[in-house]
Amino acid sequence: MHFSLKEESYVVIENGSWKIKAGIGVADTNQLPSVLLQTEVGKIPETEVEKHDSEMLQGGTENPEQSTSNSPEKATSTKNSKEPRYICGLQLKEFKEQYKGNIVTSFPIKRGNMENLDELEALWRHILLKEFNIKRSRNECPVIVTVPSTWTKVQYEQIARIFFETFNSPGLYIANQALMALYGCGSLNGLVVDIGYGKTEITPILECSIQHHAIQTIPIGGQDFDEYFHSLLLSDSQFIEEYGDTPDIDIARALKESADICEVLLDANNLEDKPARMEVEYQGRKFTVGPERFRVTEPIFDPMLVNKEGVLSLTEAIYLTISSCEPDKRNLLWENVVLTGGSSIMKG
94 MHFSLKEESY VVIENGSWKI KAGIGVADTN QLPSVLLQTE VGKIPETEVE
144 KHDSEMLQGG TENPEQSTSN SPEKATSTKN SKEPRYICGL QLKEFKEQYK
194 GNIVTSFPIK RGNMENLDEL EALWRHILLK EFNIKRSRNE CPVIVTVPST
244 WTKVQYEQIA RIFFETFNSP GLYIANQALM ALYGCGSLNG LVVDIGYGKT
294 EITPILECSI QHHAIQTIPI GGQDFDEYFH SLLLSDSQFI EEYGDTPDID
344 IARALKESAD ICEVLLDANN LEDKPARMEV EYQGRKFTVG PERFRVTEPI
394 FDPMLVNKEG VLSLTEAIYL TISSCEPDKR NLLWENVVLT GGSSIMKG
């Protein structure tokens with residue numbers, strides 16, 4: 094197959110425990126990803142898929158690509174008609190609403206580790222074939238896939254097999270997420286602190302070389318922040334009274350991800366000029382949130398708050414990581430600390 098490596102045809106996929114991001118075209122490296130999906134996959138019986146598809150066809154929303162009888166997707170569906178099928182994205186949302194008791198969902202990446210390759214493949218399939226409308230028979234889009242430092246050589250080989258054999262990709266580069274974050278800052282040396290949804294990973298990089306022996310992983314991330322913040326909200330009697338109901342963890346996550354609500358202070362007990370309570374609105378309800386909003390990220394500095402015994406705090410892990418590198422190179426790491434990950438964008 095003849096193809097040309099054009100910047101606008103490259104596909105970049107970043108795999109996370111909570112979100113998977115993707116974009117096409119690398120001419121502008123500062124552009125936001127065009128696809129942002131929750132890393133959640135639904136598993137349902139094929140009969141329900143056929144029923145749903147027939148309803149969609151009757152409603153006049155037929156997908157031309159899916160209606161082609163000779164397409165590989167159609168042939169695969171017919172061949173494996175009795176096997177369960179994975180769905181994600183908007184289709185998963187529709188099935189959740191229609192078949193609440195007949196769908197099981199899971200996350201193929203947990204705490205930064207690959208738990209289910211088939212489910213992860215379903216997400217990649219959705220991104221390439223549906224979101225970017227790439228045709229497998231004439232795929233001219235090389236792919237860059239970013240993965241955590243903890244993924245193994247065997248998993249790299251599995252990823253390569255999927256993209257070359259299943260998606261017919263003309264090229265593939267599996268990149269380390271910490272290294273890509275450092276490149277994005279225009280540096281070749283530095284300490285990358287990635288505070289993700291399932292874990293925090295601290296990676297030292299010297300002259301573009303990852304110092305694998307010094308990497309530290311803390312099993313604390315945005316997931317733990319959500320649960321801890323939720324417990325704090327439940328202990329706030331004024332919040333419960335104003336909210337008028339028992340809040341679920343979704344409200345804690347929404348408040349944490351909202352701009353200018355939660356903040357990290359050097360001392361959560363010293364609010365300085367910050368108001369003790371802030372009025373917010375969520376799903377049509379108005380209420381106030383107290384000083385608990387300044388304590389969301391405390392578990393990463395004190396793991397015992399979330400019952401993580403024997404786990405290093407962020408400051409301890411950073412110190413241990415740098416101390417494990419060559420003494421004459423440590424200043425390069427202290428001078429270039431890159432903070433990345435979804436949970437790192439909180440104010441303060």
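Position 174 of the sequence shown, counting from 1, maps to 267 under my numbering, and the rest follow consecutively. Positions of the beta carbon are idealized from the N, C-alpha and C atoms, including for glycine. The structure displayed is predicted, hence computed values, not measured ones.
In its own chain, which residues sit with a C-beta less than 8 Å from the C-beta of Pro235, not counting the 5 before and 5 after it?
On the sequence shown, residue 235 is found 142 positions in, with the first residue counted as 1. Here the set comprises Leu98, Ser102, Tyr103, Val104, Ser262, Pro263, Gly264, Leu265 and Tyr266.
May I ask you to report which of helix, strand or coil DSSP gives Phe394?
For the purposes of this step, residue 394 is taken as residue 301 along the sequence shown, with counting starting at 1. Here Phe394 sits in helix by DSSP.
Does the Cβ-Cβ distance between Leu405 and Ile311 come in under 8 Å?
Here residue 405 corresponds to residue number 312 of the sequence shown, with the count starting at 1. Here residue 311 corresponds to residue number 218 of the sequence shown, with the count starting at 1. Yes, Cβ-Cβ distance for Leu405 and Ile311 is below 8 Å.
Taking Tyr321 and Pro392 to be in contact with their CB atoms under 8 Å, please state how far apart those CB atoms are, rounded to whole angstroms.
In the sequence shown, the residue the question calls residue 321 occupies position 228. In the sequence shown, the residue the question calls residue 392 occupies position 299. With 8 Å as the limit, Tyr321 and Pro392 qualify as a contact, their Cβ atoms being about 5 Å apart.
Classification of Ala115 by the beta-carbon crowding that lies within 10 angstroms, buried from 16 upward:
Position 22 of the sequence shown, counted from the start, is the residue given in the question as residue 115. Buried: at least 16 other Cβ atoms inside 10 Å.
As a quick exercise: from Leu359, Glu350 and Arg386, pick the residue whose alpha carbon is nearest that of Trp111.
On the sequence shown, residue 111 is found 18 positions in, with the first residue counted as 1. It is Glu350.
Look up Thr239 in the DSSP assignment and give the residues it is bridged to.
Counted from its first residue, the sequence shown places residue 239 at position 146. DSSP, once it has assigned bridges, lists Glu107 and Ala268 as partnering Thr239.
Would a C-beta distance cut-off of 8 Å place Leu216 and Ile113 closer than the cut-off?
For this step, residue 216 is matched to residue 123 along the sequence shown. For this step, residue 113 is matched to residue 20 along the sequence shown. Contact flag set, yes.
Under 8 Å Cβ to Cβ from Thr408, same chain only, skipping five residues before and after it: list those, please.
Here residue 408 refers to the residue found at position 315 when the sequence shown is read from its first residue. Contacts found: Phe394.
Closer than 7 Å: Gly283 CB and nearest the ligand MN heavy atom
Looking at this structure, you won't find the ligand MN or any other ligand, since it has none at all.
Leaving out five residues before and five after Ile308 in sequence, what residues of the same chain have Cβ atoms less than 6 Å from its Cβ?
Counted from its first residue, the sequence shown places residue 308 at position 215. So the qualifying residues of the chain are Ser242 and Thr296.
Less than 8 Å between C-beta atoms, sequence neighbours within five positions excluded: which residues of the same chain meet that for Lys440?
Position 347 of the sequence shown, counted from the first residue, corresponds to residue 440. Taken in chain order, the residues that qualify are Ala352, Asp353, Cys355, Glu356 and Val357.
With distances taken Cα to Cα, identify the nearest neighbour of Lys203 among Asp338, Asp343 and Asp317.
Against the sequence shown, residue 203 aligns to sequence position 110. Lys203 has its Cα closest to that of Asp317, out of Asp338, Asp343 and Asp317.
Might you give, ordered along the chain, the residues of its own chain that have their beta carbon closer than 7 Å to the beta carbon of Arg388, omitting 5 neighbours on each side?
As a first step, residue 388 is located in the sequence shown; it is residue number 295 there, counting from the start. Contacts found: Leu325 and Ala361.
If distances are taken between C-alpha atoms only, which option among Asp338, Glu402, Ala268 and Gln184 comes closest to Tyr249?
Along the sequence shown, one-based indexing puts residue 249 at 156. Closest by alpha carbon: Ala268.
Excluding sequence positions up to five away, which residues of its chain have a Cβ less than 6 Å from the Cβ of Arg423?
For the purposes of this step, residue 423 is taken as the residue at position 330 of the sequence shown. Only Ile415 meet the Cβ criterion.
Do you know whose CA, among Leu299, Thr381, Ile313 and Glu133, lies nearest Val197's CA?
Taking the sequence shown and counting its residues from 1, one reaches residue 197 at position 104. Nearest option by C-alpha distance: Glu133.
Taking all protein chains shown into account, do 16 or more other C-beta atoms lie within 10 angstroms of the C-beta of Gln270, making it buried, or fewer, making it exposed?
The sequence position of residue 270 within the sequence shown is 177, counting from 1. By the 10 Å Cβ count, Gln270 comes out buried.
Select from Met207, Lys401 and Tyr290 the residue whose C-alpha is nearest the C-alpha of Lys246.
Within the sequence shown, residue 246 is the residue found at index 153, counting from 1. Ranking Met207, Lys401 and Tyr290 by Cα distance to Lys246 puts Met207 first.
Just to confirm my understanding: we take Val285, look at its own chain, exclude 5 residues before and 5 after, and list those with CB closer than 6 Å. What are they?
Numbered from its first residue, the sequence shown carries residue 285 at position 192. Cβ within range, chain order: Ala271, Ala274, Leu275, Thr296 and Val431.
Asn400: buried (16+ other C-beta within 10 angstroms of its C-beta) or exposed?
In the sequence shown, residue 400 corresponds to position 307, counting from 1. With fewer than 16 Cβ atoms within 10 Å of its Cβ, Asn400 is classed as exposed.
Same chain, Cβ closer than 8 Å to Lys292, five either side skipped, listed in chain order
Locating residue 292 in the sequence shown gives position 199, counting from the first residue. If we look at Lys292 and ignore the five residues flanking it on each side, its Cβ neighbours are Ser110, Arg204, Gly205, Thr310, Ile311, Pro312, Ile313 and Gly314.
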